[in-house]
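Beneath this line is the structure, given in structure tokens, with notes to follow.
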Ligand SMILES: Nc1ncnc2c1ncn2[C@@H]1O[C@H](COP(=O)(O)OP(=O)(O)OP(=O)(O)O)[C@@H](O)[C@H]1O
Ligand SMILES: Nc1ncnc2c1ncn2[C@@H]1O[C@H](COP(=O)(O)OP(=O)(O)OP(=O)(O)O)[C@@H](O)[C@H]1O
Ligand SMILES: [Mg+2]
Ligand SMILES: [Mg+2]
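Chains as they are written, first to last, in my numbering: chain L, 10 to 350; chain R, 527 to 1026; chain H, 118 to 454; chain C, 118 to 454.
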């Protein structure tokens, strides 16, 4: 389909495979329609896969790549190669030292601190906290976790800190972060770990899930243990179960990014650049798409918005892409308006 | 041994070997003079192979001493034994089928040039060795592609390639036919002239009489006696082995045959698609199939039993046409095949004697459609162990611990237990001792008398002539002729076997 | 029973150590969870042991579980198929997968490892493509009736209100039923006997009139069907399913359980009871590690290490027993002279 | 050569299709990348084929690669060990791993699948624990000298300034050297001969006076050492190493390559050239999928599917050949009268 030469063809590279990225993909595709570009969305499995697939992209030839580097510190070579051969921007997680023209997304560390703030709200009188995450090897996971911890420990804003897991952290404050559990994206294991934590720590007060799928698993575990009164669940991202939980008052709150906008904006910027329009780049090179805290009060509104954006999530029915397109385009425009004011 | 004799090259002194449940060897002694051919005979399970494995360094004796050229040695590995100049041709084939003939012959002792295997030398030497055994296959052919008879010859070639002082042959001819056997005898005699000492194990007393300078007899893991060349007679040997005399050896009394049980009409010969094979076997009839190694006799049986696909022709059992798609059909139709290679095709080594015997009868005796009838299984195996005199601590012993001959009996038992109407036997007495042979012959006779049709392939001329009412002779995949009992002579058979 | 002494010992040790060292390990809640997990993993372990007995192996279990777990809601929610129809389609799918494996292994005589390695990749790809990588959920009330299978026994009509039933997962019941059926099949029917025989020596079994082809195919079908059913249980328990990861490595868990339980990958040996023990040991371990607060990083190490230990102990025990037996009989034999 | 016809055909087809349909596929840049990847994966494929020839298997390759890749910078950067010392330690580690596998498989007669399944988990755990899950980097200039191995041939003194050398990865050279050595070892030395023999019939080999134990251990050591070296190349190429994921599934890629190349997991068969072809096919496929713009979701499906296809074609070709041979023989026999 990419024969028409005037049409810029750009690529949107994620850092893994997850429903979070499926929403972003939707944004990217809508963006492509909006700004008349071809977009190829690539979801690599791991660092190596990301390298290989980017190389292949470059070989095929593309007018721009928006990438979420898995390990920006060590991917300098790759990013350099990309920026030499085509235009490079980053999204979701930044690579400040590279020649990327801009970064679209939020600051995971800050988001982590926002999450920590939610915990504080949920547990004003403090208590024992457990953190659950897929992998700690990942930049965003580490930053979020650190943000939560630093916030709870009332430390200064410094994203370079790192507390090794395995030791419980308490610096005299009300909050004790007992430990961090990693499940390696095995959902069954994620749930098992939540259950086991509940069994092990009888007076656990708060459970924080840093990856999209964690909060629902935690919620299941807490429910099964009938500890909804005792244990507060705080999470990340916008899984349906998480939002439902917030609505039912079983989950206190969650910090959501805006993956749809990641995709949408990335394509917007890239296609503009491809057409030689540099104006789309903010002067500080940071196109902020702030994270938001979702609580019981604003969950309905957020859900409505999300439903509009993902009304044709391929899962629902892969049948009729066409019919819903205009709608979503309109929505997309609407969103960008609402957010830009 | 007395002073007059020279110091023996090899002497075994009061060796004992125990296995779980069995004492395979009890204080056995044995001595071997330089340039002598010593025959070692005994019933199945007498302990022959065990002693030979000990001499080859495969197993260690529990008690007793072994002397080579006067000084006692501990043969704790195949290597030490080989370095003492002892080479063993095992009773069972031990070849790596994925390698070619040459590689197998020199396995573990490859000649080298610049540290690398010297393939040319191997090829040259192998060709010579094979020629000496009258086997004209290319050293580069994969062993997998050779029939079992020819594989046996490769085994022998390997043993010859180690120019040993002591060459042990554990039933080397069990899967060879007349022709190859004579060739082997010749080779053994040559070796004797070259001063090589040979221990020759066989259940074919004919060969023993022809070759041996001296015979040592084992019974139940003990020395049962010794015979000099002069004392050697068929009966004296049998007497020592079995402990009773087995005169009137072939007990075949032909009956007037019933109607046709097995009818094979115009099936394409597996070896020579140009040829068609047809014959009949009637109820109560015992039909022998003779021919040289590689004549395609096994293949023919395999086609009849549905193991090998046939291009054309059909097989009728009891007048009913048979779908030759797999042994399943054959077994359902009441056919049974005792295959040539018992280790690979006959028994399941890791399973108990009882399970093996029960295997073919499973379906027949099943209860409620799908459940095992364990009582029946137990009864059958008990019966067979008794009937065939299988030497085992109990029918729960795993088959791999049985002696070669007893394993063969287990295979027979498996099929007799399911009472077939047509019995196909491929080398049924391969590696079976005189006593047991006699039992099997009597059994065949009884079964035939009871109306069973028996078709048996054998490379042993005596038993072909002794047992068959009729003989089908094959040569290179064709049936070259059929001989009624009264026309049976070695000459008539050999003539047809070598192509008519 | 007797052949599982080694692993039983290991289980006992781990259990005691954790009971002492880990707070909350003996809590009703934890034991309930533990038993439920054991049941789920034991079920797929039993499935694969059919194949292992034939001397084969099925590496595709994990991604097949992923495929089934994704397909079911894809049908029921995405395409408004009724539960029963959905279940039937799931069953059909499983049977087909089994047939496919079996046919390739028998008719084309391909190596099971290779075949199922390929299908491992294929199923994963299909699962991801089918729903284009979006997470599927089982929280919809349409799944309610099925969810009973991962609930508490007390939720079933027959056990209404019994106190004890509130602490017993239905999954345990299911596992026991499947286990008993499997054990009977393997040890008491001619089919089980056939599998054992051909697992040891396929040619000899074939020449004994056993329809080896049919039996091997049957084994693969049984394995796939069990995995398909397992997939349902796992999905219902975990509620949300990610196409790209759900079920990955489960084949290794299943195989490890079977091997720990005394199945030989060389074929011809297998004990259902052992498989269940195997699964129990692994789940117990994972739970203990959490309870004892061992760092996640070490978790994999501990599991690998203990399994290896279990297998080694097993071998050594067997050898010692054999030696003793030999010596006794030898002396008997010697005495008999 | 002749036995690899099937797979060669598949490779040709895929190549042509992609060359026509995929823009940029034939670009120097892409071909360079492709060749480099092929070389890396071929190396570990060669490593595992030693073990496969003995009828064994090594599932731990992937996580062992992860362990090595993590340990090296952990030593060099974390503990200021010199490169050479670091390399020596890496070598020692590999040898030990191989010995460990080999001893368990021979002395205790454990099943290779089980042993390496356990070590698969153990190595991963150790790797993660060693650096407490933090990502390791190879971008430090201390690794510069080694990085030549994943650079262009032109960067080596001997090929200074040759134009063509700028388009040839050093990895290819390394792979060719290793390949030739391996091929000679396997086909021309007594050790290789021994491995082949025992792989098919261990007892027979033993009875022929071959020290099977020693040879099997050797095979595992060779495999581990090759993987260890491969780990270094992969790490240097990818630069960033995540303890929890780096190298996972590589064992499957390696084994698949070996099998595609004609190694039989039943042991006793293997061709180094074939292994390289196997690796080539798989990498080519992955590249083609990108070049043709197939959706990622389908990638795994396509790979699995094509490998299976390759194996099937291979079998069918072999059968046809065999049939023809048989018929010829027969006619010869017939004519011989
Ligand atoms: N590894 C073993 N374990 C247990 N018992 C064994 C083992 N090897 C041999 N036996 C037993 O030792 C006895 C002697 O066996 P052996 O093979 O030496 O007999 P044989 O004389 O060679 O008989 P055949 O003429 O049938 O070959 C047999 O009863 C056999 O069951
Ligand atoms: N697996 C095989 N591959 C190729 N050729 C074979 C194979 N098996 C047998 N043959 C050929 O078939 C012919 C007959 O084989 P076989 O020796 O089994 O016949 P036979 O008459 O039964 O001889 P035997 O006396 O050994 O039973 C041989 O010439 C051999 O070359
Ligand atoms: Mg013997
Ligand atoms: Mg034959």
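Don't be surprised by glycine CBs; every beta carbon is placed ideally from N, CA and C.
Per DSSP, the bridge partner or partners of residue i
| i | result |
| --- | --- |
| residue 745 of chain R | R/748 |
| residue 1001 of chain R | R/1004 |
| residue 479 of chain R | There is no way to answer for residue 479 of chain R, as the model of chain R reaches only from 527 to 1026. |
| residue 952 of chain R | R/983 |
| residue 269 of chain H | H/286 |
6 Å CB neighbourhood of residue i in its chain, flanking five on each side removed
| i | result |
| --- | --- |
| residue 155 of chain H | 396, 397, 400 |
| residue 330 of chain H | 223 |
| residue 269 of chain H | 283 |
| residue 311 of chain H | 327, 332 |
| residue 748 of chain R | 552 |
| residue 1011 of chain R | 995 |
| residue 537 of chain R | 557, 593 |
Any chain H beta carbon closer than 8 Å to residue i
| i | result |
| --- | --- |
| residue 943 of chain R | no |
| residue 51 of chain L | no |
| residue 223 of chain C | no |
| residue 228 of chain C | yes |
| residue 43 of chain L | no |
Cβ-Cβ separation, residue j to residue i (assumed contact under 8 Å), whole Å
| i | j | result |
| --- | --- | --- |
| residue 592 of chain R | residue 803 of chain R | No, residue 592 of chain R and residue 803 of chain R are not in contact; Cβ-Cβ is about 52 Å, not under 8 Å. |
| residue 190 of chain L | residue 206 of chain L | 7 Å |
| residue 817 of chain R | residue 797 of chain R | With 8 Å as the limit, residue 817 of chain R and residue 797 of chain R do not qualify as a contact, their Cβ atoms being about 11 Å apart. |
| residue 320 of chain H | residue 870 of chain R | 6 Å |
| residue 211 of chain H | residue 392 of chain H | Wrong, their Cβ atoms sit about 19 Å apart, outside the cutoff. |
| residue 567 of chain R | residue 763 of chain R | 6 Å |
| residue 465 of chain C | residue 171 of chain C | Because chain C here runs from 118 to 454, residue 465 of chain C falls outside it and cannot be looked at. |
| residue 611 of chain R | residue 690 of chain R | 5 Å |
Neighbour flag for residue i against chain C, beta carbons, 8 Å
| i | result |
| --- | --- |
| residue 2 of chain L | Chain L is shown from 10 up to 350; residue 2 of chain L falls before or after that span and cannot be answered. |
| residue 420 of chain H | yes |
| residue 134 of chain L | no |
| residue 1053 of chain R | Residue 1053 of chain R lies beyond the range of chain R shown here (527 to 1026); nothing can be said about it. |
| residue 139 of chain H | no |
| residue 83 of chain L | yes |
8 Å Cβ shell around residue i - same chain, five flanking residues per side excluded
| i | result |
| --- | --- |
| residue 202 of chain C | 192 |
| residue 240 of chain H | 177, 180, 181, 183, 184, 214 |
Short CB-CB distance (under 8 Å) between residue i and chain R
| i | result |
| --- | --- |
| residue 388 of chain H | no |
| residue 266 of chain C | no |
| residue 406 of chain H | no |
| residue 313 of chain C | yes |
Short CB-CB distance (under 8 Å) between residue i and chain L
| i | result |
| --- | --- |
| residue 459 of chain C | With chain C covering only 118 through 454, there is no way to say anything about residue 459 of chain C. |
| residue 252 of chain H | yes |
Closer than 7 Å: residue i CB and nearest ligand 5 heavy atom
| i | result |
| --- | --- |
| residue 917 of chain R | In the structure on display, ligand 5 does not appear, and the ligands it does have are ligand 1, ligand 2, ligand 3 and ligand 4. |
Open item on the list: Residues around ligand 3, please: the ones whose beta-carbon is closer than 6 Å to some heavy atom of it, in chain order.
Closed with: Matched residues: R/574, R/575, R/617, R/696, R/929, R/930.
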